[in-house]
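Counting from 1, position 371 in the sequence shown corresponds to residue 372 in the working numbering; the numbering is continuous, with no gaps. One structure below.
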Amino acid sequence: MSDGNNLSAVEKIKLKSDALRGTLAEGLKDEITGAVSEDDQSLVKFHGMYQQDDRDRREERAEKKLERLYSFMIRLRIPGGFLTPEQWIATHHIAGEHSTGVIKITTRQTIQLHGLLKSDIKPTLKSFNQLHLDSIAACGDVNRNVTCAAHPLQSDIHEKIHAYAARISELLLPRSRAYYEIWLDEEKITDKKEEEDPLYQDRYLPRKFKIGIAIPPNNDIDVLTNDIGLIAIIDPHDNQFQGFNIAIGGGLGTTHGNAETYPRLATVIGFVAGDDRLFSAIYEIVTIQRDYGNRSDRKLARLKYTIDKYGIEWYKKELAQRTGFELEEARPYTFTDRKDYYGWQENHQGLWYYTPFIESGRVLDDERVALKSAFYEIAQTGKANFRFTGNQNLILADIRKKDKPAVDKILKKYKVAEHTEAASGIRRNSIACVALPTCPLALAEAQRYLPDLIGKIEPLLAGHGLGEENIIIRMTGCPNGCGRPYVAEIGFVGTASGRYNLYLGGDHEGTRLNRIYKENLDEAAILKELDLLFWLYRKERITGEKFGDFALRQRWYKP
Ligand code: SRM
Ligand code: SF4
């Protein structure tokens, strides 16, 4: 078990937090500062928020001897990423009233609002609560938003599998009532037994914990990058859902210069059928990590390190002991892709789905396309639901045939259709994390830069006759991997302002990590390298060979 004598600072904060309350209620009332106390900054994450500041304005504020421009980012818990039109309309207004106005769709199928002042938090969370939405456990050392394959086209039992996301999220929610007391002004509990938490106890998990559900053949949520990845197994003969393969130990975060950290894809450890067994297995995988995860060094505290320390066979044995049953042998499955189906698609029930292209998941109006106005007007018709994808997109969903022309008209009116159709293959397959100006960990730009860089890569591809290629390209501003760059065909990881490590060789299915090719490249060096690599790819690839597969075959990586 983990060494209790050498607890990290965050472990101590959790233990003395009074079930995640800390001094948040008092801190909120303090008008002298826009911040909360240092300890509370750790606790507020468990309530789905991060304290941030505008890094673009640090210097100017410092010169004027002003406090940093503190604000909060709120991330909602939306298992499987589904909102009704009413919820979208209200979110649109809440974003306009309290945040920067941009609705940011994340790589885990939920949304974030940035730039909320401390005084805006309570009204915002109260408004979301009226919509039956919350931000509990969207961040912090607990199970985070559970993701699930987004598109109902994936199978006619999609809805059944999709429902597991919410059920797993509920199963692993912390029992603390702090959220309701602090943010929603509900009455304080008098009997502490009401919030006793057999799962998280008073120490919670050693680190964040993530669960995702994939429905083969599409791996749009990058299932193997989760602490627990569930792969739905569907009998190809009768199309019946059989259960899930369980994979454990995925995670991407690394630290530059710390060789003990590494990205890891989850290992499939077996198959489970039946809800009781499934939920028991999930619960106990989490309790083992709670009991054995590293609580001294947060850099080494994710499940992947626990597994590599004790061994996968040990983990399976411990799991069988705790659940009282052994997992069955993993069943066969095949991933063929992990893409979003842009444009219009019809499902088996005759319902229609439109997936627009939303660059870096940022829903706003700009000079090219008015995404925010379009989605608002579509939501107002009440004719479409909103489903988020793990690629920072959304799907306007469940549209009846007779309503399709009305939705289509709005998409055209605001140039959404034009914008989606005009996006090149590489652009449609791009992800960039938030990075600057809000992310305190960013070493380089990502979502503010990748669109421009792609604009310079597109002519290179076209020059080599590769303009139609759907190359998966991802960029993050630091090695934490929020845009999952380590499973991209071309991955950029920020090292310093304007500089990136270049990774090559991921596959289209999300089943292979890429490898580092060159370090610390600036834009000119990136474009020079890619130009040469595209030339070689065009010249020497086998018919149909993807760029990532070719890069691996050519051994384009550092030894
Ligand atoms: Fe992340 C930390 C944004 C998905 C690995 N991530 C952060 C923070 C909160 C920075 C911080 O700790 O102060 C970033 C906030 C930026 C901002 O201003 O909004 C941040 N992460 C994001 C989002 C919004 C990226 C995006 O552009 O979509 C994604 C929100 C997901 C969600 O809705 O829950 C996001 N983060 C991911 C993913 C991808 C995934 O889960 O599919 C990863 C890699 C997978 C993994 O967890 O290993 C990821 N984020 C991290 C890490 C590294 C964790 C580690 O094990 O080392 C950190 C840093 C940390 O935890 O200390 C981090
Ligand atoms: Fe911030 Fe790094 Fe995550 Fe990008 S990858 S959002 S820079 S923590």
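C-beta: ideal position from N, C-alpha, C; glycine also.
Is it buried or exposed for Ser120, if we count other Cβ within 10 angstroms and need 16 for buried? For this step, residue 120 is matched to residue 119 along the sequence shown. Exposed, since its Cβ has fewer than 16 Cβ neighbours within 10 Å.
In three-state terms, what does DSSP make of Thr382? Taking the first residue of the sequence shown as position 1, residue 382 is located at position 381. Looking at Thr382 - three-state DSSP - the assignment turns out to be helix.
Exposed or buried, what is Asn521 when buried is set at 16 or more other beta-carbons lying within 10 Å of its beta-carbon? Taking the first residue of the sequence shown as position 1, residue 521 is located at position 520. Classification of Asn521: exposed, given that the 10 Å Cβ count is below 16.
Closer than 7 Å: is that where the CB of Asp54 sits relative to any heavy atom of the ligand SRM? As a first step, residue 54 must be located in the sequence shown, where it is residue number 53. Answer for Asp54: no, Cβ out of range of the ligand SRM.
Excluding the 5 residues preceding and the 5 following Cys434 in the sequence, name in chain order all residues of the same chain whose CB lies nearer than 7 Å to its CB. To locate residue 434, count along the sequence shown from 1; it is residue 433. Setting aside the 5 residues that flank it on each side, Cys434 is surrounded in the same chain by Ala447, Gln448, Thr477, Gly478, Cys483, Gly484, each with a C-beta closer than 7 Å to its C-beta; the list follows chain order.
Given a cut-off of 8 Å, decide if Glu319 and Ile270 are closer than it, judged by their beta-carbon atoms. Locating residue 270 in the sequence shown gives position 269, where the first residue counts as 1. Locating residue 319 in the sequence shown gives position 318, where the first residue counts as 1. Their beta carbons are not under 8 Å apart, which means Ile270 does not touch Glu319 by this criterion.
Pair within 8 Å by beta-carbon distance, Gln243 and Ile229: The residue given as residue 243 occupies position 242 in the sequence shown. The residue given as residue 229 occupies position 228 in the sequence shown. Cβ atoms of Gln243 and Ile229: not closer than 8 Å.
Please list, in chain order, all residues with a C-beta atom less than 5 Å from at least one heavy atom of the ligand SF4. Cys434, Val435, Ala436, Cys440, Leu442, Ala443, Thr477, Gly478, Cys479, Asn481, Cys483
Answer yes if the segment 506-517 comes into contact with the segment 531-545, meaning at least three C-beta pairs across the two stretches below 8 Å, and no otherwise. no
Beta carbon of Met50: closer than 7 Å to some heavy atom of the ligand SRM? Translated into positions along the sequence shown, residue 50 becomes position 49. No, Cβ of Met50 sits at least 7 Å from all heavy atoms of the ligand SRM.
Residue ranges of each beta strand (DSSP E) within the segment 457-518, 3 or longer: 474-477, 491-497, 500-505
Cβ of Gln113 within 7 Å of any heavy atom in the ligand SRM? Reading the sequence shown from its first residue, position 112 is the one you call residue 113. Answer for Gln113: yes, Cβ within range of the ligand SRM.
Quick one: give me the first and last residue of the beta strand (DSSP E) that Gly230 is part of. Here the question's residue 230 lines up with position 229 in the sequence shown. Element bounds for Gly230: 229-235.
Excluding five sequence neighbours on each side, which residues of the same chain lie with their C-beta closer than 6 Å to the C-beta of Asp399? Here residue 399 refers to the residue found at position 398 when the sequence shown is read from its first residue. For Asp399, where only same-chain residues beyond five positions count, the Cβ hits under 6 Å are Leu352, Asn386.
Please determine if the segment 412-427 and the segment 77-85 are in contact, where contact requires at least 3 C-beta pairs separated by less than 8 Å. no
Spatial neighbours of Cys149 within its chain, please: CB distance less than 6 Å, with the 5 preceding and 5 following residues excluded, ordered by chain position. Looking up residue 149 in the sequence shown gives position 148. These residues qualify, in order along the chain: Gly81, His163, Ala166, Ile214.
Note down the Cα distance separating Asn295 from Asn7, rounded to an integer number of angstroms. Residue numbering aside, residue 295 sits at position 294 when the sequence shown is read from its first letter. Residue numbering aside, residue 7 sits at position 6 when the sequence shown is read from its first letter. Those two C-alpha atoms are separated by around 10 Å.
Start-to-end residues for the alpha helix (DSSP H) that takes in Leu253: The residue labelled residue 253 in the question sits at position 252 within the sequence shown. No alpha helix (DSSP H) holds Leu253; DSSP gives it neither H nor E.
Does the beta-carbon of Ala260 have 16 or more other beta-carbons within 10 angstroms, so that it is buried, or is it exposed? What you label residue 260 is simply residue 259 of the sequence shown in a count that begins at 1. Burial call: exposed.
Can you tell me whether DSSP reads Glu347 as helix, strand or coil? Stepping through the sequence shown from its first residue, residue 347 is reached at position 346. Correct three-state label for Glu347: strand.
Backbone CA spacing between Asp404 and Lys384 [nearest angstrom]: Position 403 of the sequence shown, counting from 1, holds the residue named residue 404. Position 383 of the sequence shown, counting from 1, holds the residue named residue 384. Spanning the alpha carbons of Asp404 and Lys384 requires a straight line of approximately 7 Å.
heavy atom of the ligand SRM below 7 Å from Lys211 C-beta: Numbered from 1 along the sequence shown, position 210 holds the residue referred to as residue 211. Lys211 Cβ: within cutoff of the ligand SRM.
Quick one: residues in its chain with C-beta nearer than 7 Å to the C-beta of Glu196, no 5 flanking neighbours on either side, listed in chain order? By one-based count along the sequence shown, residue 196 stands at place 195. These residues qualify, in order along the chain: Ala20, Arg176, Ser177, Arg178, Ile190.
Confirm, please, whether the CB-CB distance from Gly35 to Tyr71 is below 8 Å. Translated into the one-based positions of the sequence shown, residue 71 becomes position 70. Translated into the one-based positions of the sequence shown, residue 35 becomes position 34. Going by C-beta atoms, Tyr71 is nearer than 8 Å to Gly35.
Is the beta carbon of Thr512 within less than 7 Å of some heavy atom of the ligand SRM? Position 511 of the sequence shown, counted from the first residue, corresponds to residue 512. Incorrect: Thr512 has no Cβ contact closer than 7 Å to the ligand SRM.
So, His152 versus Ile458, is the Cβ gap smaller than 8 Å? Locating residue 152 in the sequence shown gives position 151, where the first residue counts as 1. Locating residue 458 in the sequence shown gives position 457, where the first residue counts as 1. Between His152 and Ile458, the C-beta spacing is not below 8 Å.
Note the first and the last residue of the continuous beta strand (DSSP E) segment covering Phe358. Position 357 of the sequence shown, counted from the first residue, corresponds to residue 358. Here Phe358 belongs to no beta strand (DSSP E), and DSSP marks it neither H nor E.
Can you tell me which residues form a DSSP beta bridge with Gly213? Here residue 213 corresponds to residue number 212 of the sequence shown, with the count starting at 1. Per DSSP, Thr148, Gly230.
Quick one: which unbroken beta strand (DSSP E) runs of 3-plus residues sit fully inside the segment 239-283? Chain order, please. 242-249, 268-273
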